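S.K.: My questions will all concern the structure given below.
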Amino acid sequence: MNRVLSLALGAAWMFTAGAALAIAQPTPGQLADRMYDANQQWLANIETLEITLKMEAGGFEHETVTRYVKRVENGSAMLVLEEGSDADSEMFEGIYDGSIEDVIRIADSVTNDRMDGRNTYRVVITDQEFLNSLGEDEFDDEGMELEIEKGTLWIDRDELYVLKMLYEQKEDGSGMKVEMAMEDYNIYSGLPVAHRMTMKIEGMDQMMSDEDLAEARQAMREFEEQMESMPEAQRNMIREQMSGQMEQFEQMLESGMASSTIMEVVDVKVNR
């Protein structure tokens, strides 16, 4: 009797533990469905969204204002760029238009992970045909041959916010890694918006030959020599204006052309 009871309890525990694991670690399809439901809920009270984004890269700053409008297709709500809007920050369209759910749905795996002290889902995608279709139009227009070999997403397990995206790719045969970290989420009428995004690109040096790098360093030296021949007031003015860009360019040359772009949301307007 005790043995039967023990076996029954053991079977019940295994069933409960297995069910809990299934809930905590969903299949790609289950997670995509949860992301879809969350996105529909987030957009319930949104008709228009305007985001002012400040971008900083290489010592330069640039500010964009981008407007999105809600569109409903086949009962599914999404945010799309308003016609004529600045497309520099269209990354938000990819978050709210169902693209993320599509990526997750064809993922190879979803596993539990931790990142910066937060419980996350780690989603791995290796469907190269699908991944390459994501940026096909953009890179075709620029004459670049883009091959994304692998994508990895980290999604907050509780809030379902996208925290980081990592794409390993080849451009014209050279390997690169593009990482986008998204943090400081604020809520606007139920819609979560990341207020700080950092994009890092590694492997740009592989796109440049040793000759290209040598030419870039030589151009930098020649520019510095030209500055030395200028009147002191003019030289100081140029250095003051371009010191940040020059320092970052020098760092890029020394670090293998790794680069980063910081994007900060400075204003959000909803339904205006």
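Okay, so the sequence shown: first residue is 495 according to my numbering, each after it adds one.
All C-beta atoms in this analysis are idealised placements derived from N, C-alpha and C, irrespective of residue type, glycine included.
Keep in mind the model is a prediction, meaning the values are calculated, not measured.
Just the C-alpha distance for residue 720 and residue 567, rounded to the nearest angstrom, thanks.
M.R.: Counted from its first residue, the sequence shown places residue 720 at position 226. Counted from its first residue, the sequence shown places residue 567 at position 73. About 59 Å.
S.K.: Under the rule that 16 or more other beta-carbon atoms within 10 Å means buried, what is residue 533, buried or exposed?
M.R.: Position 39 of the sequence shown, counted from the start, is the residue given in the question as residue 533. Buried, since its Cβ has 16 or more Cβ neighbours within 10 Å.
S.K.: Could you tell me the alpha carbon to alpha carbon distance between residue 761 and residue 538, rounded to whole angstroms?
M.R.: As a first step, residue 761 is located in the sequence shown; it is residue number 267 there, counting from the start. As a first step, residue 538 is located in the sequence shown; it is residue number 44 there, counting from the start. The straight-line gap separating the alpha-carbon atoms of residue 761 and residue 538 is approximately 21 Å.
S.K.: Mind reading off the beta-carbon distance from residue 755 to residue 549? Whole number of angstroms is fine, and I expect it under 8 Å.
M.R.: The residue labelled residue 755 in the question sits at position 261 within the sequence shown. The residue labelled residue 549 in the question sits at position 55 within the sequence shown. With 8 Å as the limit, residue 755 and residue 549 qualify as a contact, their Cβ atoms being about 6 Å apart.
S.K.: Apart from the five residues on each side of it in sequence, which residues of its chain come closer than 6 Å, Cβ to Cβ, to residue 758?
M.R.: On the sequence shown, residue 758 is found 264 positions in, with the first residue counted as 1. The answer, listed in chain order, is 548, 690.
S.K.: Which residues in the same chain as residue 655 place their Cβ atom closer than 8 Å to its Cβ, once the five residues preceding and following it in sequence are excluded?
M.R.: The residue labelled residue 655 in the question sits at position 161 within the sequence shown. So the qualifying residues of the chain are 649, 676, 679, 686, 688.
S.K.: Find out if the Cβ-Cβ distance for the pair residue 562, residue 546 is shorter than 8 Å.
M.R.: Within the sequence shown, the letter at position 68 stands for residue 562. Within the sequence shown, the letter at position 52 stands for residue 546. No, the Cβ-Cβ distance between residue 562 and residue 546 is not below 8 Å.
S.K.: For residue 440, report the span of its beta strand (DSSP E) as first-last.
M.R.: No answer is possible for residue 440: it lies beyond the span of the chain, which begins at 495 and ends at 766.
S.K.: Where residue 652 and residue 590 are concerned, what is the direct C-alpha to C-alpha distance, given to the nearest angstrom?
M.R.: As a first step, residue 652 must be located in the sequence shown, where it is residue number 158. As a first step, residue 590 must be located in the sequence shown, where it is residue number 96. So the two alpha carbons sit approximately 18 Å from each other.
S.K.: Do the CB positions of residue 565 and residue 559 come within less than 8 Å of each other?
M.R.: For the purposes of this step, residue 565 is taken as the residue at position 71 of the sequence shown. For the purposes of this step, residue 559 is taken as the residue at position 65 of the sequence shown. Cβ atoms of residue 565 and residue 559: not closer than 8 Å.
S.K.: Put residue 544 into one of helix, strand or coil per three-state DSSP.
M.R.: On the sequence shown, position 50 is the one that residue 544 refers to. It is a strand residue.
S.K.: When you compare each of 557, 571, 763, 646 to residue 625 by their alpha carbons, which one comes out closest?
M.R.: Taking the sequence shown and counting its residues from 1, the one referred to as residue 625 is at position 131. Cα-wise, what sits closest to residue 625 is 646.
S.K.: Going by C-alpha distance, which of 555, 556, 570, 521 is nearest residue 531?
M.R.: Taking the sequence shown and counting its residues from 1, the one referred to as residue 531 is at position 37. Comparing Cα positions, the closest option is 570.
S.K.: Looking only at its chain, what residues have a beta carbon closer than 6 Å to the beta carbon of residue 694, apart from the 5 residues adjacent to it on each side?
M.R.: Here residue 694 refers to the residue found at position 200 of the sequence shown. The residues are 673, 754.
S.K.: Distance check for residue 576 and residue 644, CA to CA, integer angstroms please.
M.R.: Translated into positions along the sequence shown, residue 644 becomes position 150. Translated into positions along the sequence shown, residue 576 becomes position 82. If I take the Cα positions, the gap works out to 31 Å.
S.K.: Can you tell me which of the three DSSP states residue 730 falls into?
M.R.: On the sequence shown, residue 730 is found 236 positions in, with the first residue counted as 1. In this structure, residue 730 counts as helix in the three-state DSSP scheme.
S.K.: By DSSP, does residue 723 sit in helix, in strand, or in coil?
M.R.: By 1-based counting over the sequence shown, the position of residue 723 is 229. Residue 723 falls in the coil class under three-state DSSP.
S.K.: Any idea what DSSP makes of residue 598, helix, strand or coil?
M.R.: On the sequence shown, residue 598 is found 104 positions in, with the first residue counted as 1. DSSP places residue 598 in helix when its eight states are reduced to three.
S.K.: Look at the alpha carbon of residue 597 and the alpha carbon of residue 605, and state the distance between them as a whole number of angstroms.
M.R.: Counting from 1 along the sequence shown, the entry for residue 597 is found at position 103. Counting from 1 along the sequence shown, the entry for residue 605 is found at position 111. Going by C-alpha positions, residue 597 is about 15 Å away from residue 605.
S.K.: Quick check: what's the CA-CA separation for residue 599 versus residue 664?
M.R.: Here residue 599 refers to the residue found at position 105 of the sequence shown. Here residue 664 refers to the residue found at position 170 of the sequence shown. If I take the Cα positions, the gap works out to 24 Å.
S.K.: Measuring alpha carbon to alpha carbon, tell me which of 615, 609, 601 ends up nearest residue 623.
M.R.: In the sequence shown, residue 623 corresponds to position 129, counting from 1. Taking only the C-alpha atoms, the option nearest residue 623 is 601.
S.K.: Could you tell me the distance, in whole angstroms, from the CA atom of residue 715 to the CA atom of residue 671?
M.R.: The count along the sequence shown starts at 1 and reaches residue 715 at position 221. The count along the sequence shown starts at 1 and reaches residue 671 at position 177. The alpha-carbon atoms of residue 715 and residue 671 are separated by roughly 29 Å.
S.K.: Should residue 642 go down as buried or exposed, given a rule of 16 or more other Cβ atoms within 10 Å for buried?
M.R.: The residue given as residue 642 occupies position 148 in the sequence shown. Result: buried.
S.K.: Can you find the residues in the same chain that come closer than 6 Å, C-beta to C-beta, to residue 607, ignoring five residues on each side of it along the sequence?
M.R.: Translated into positions along the sequence shown, residue 607 becomes position 113. Excluding sequence neighbours, residue 607 sits near 614, 616.
S.K.: When the Cα atoms are used, what is the spatial distance from residue 727 to residue 712?
M.R.: Taking the first residue of the sequence shown as 1, we reach residue 727 at position 233. Taking the first residue of the sequence shown as 1, we reach residue 712 at position 218. Taking the straight line joining both Cα atoms gives about 25 Å.
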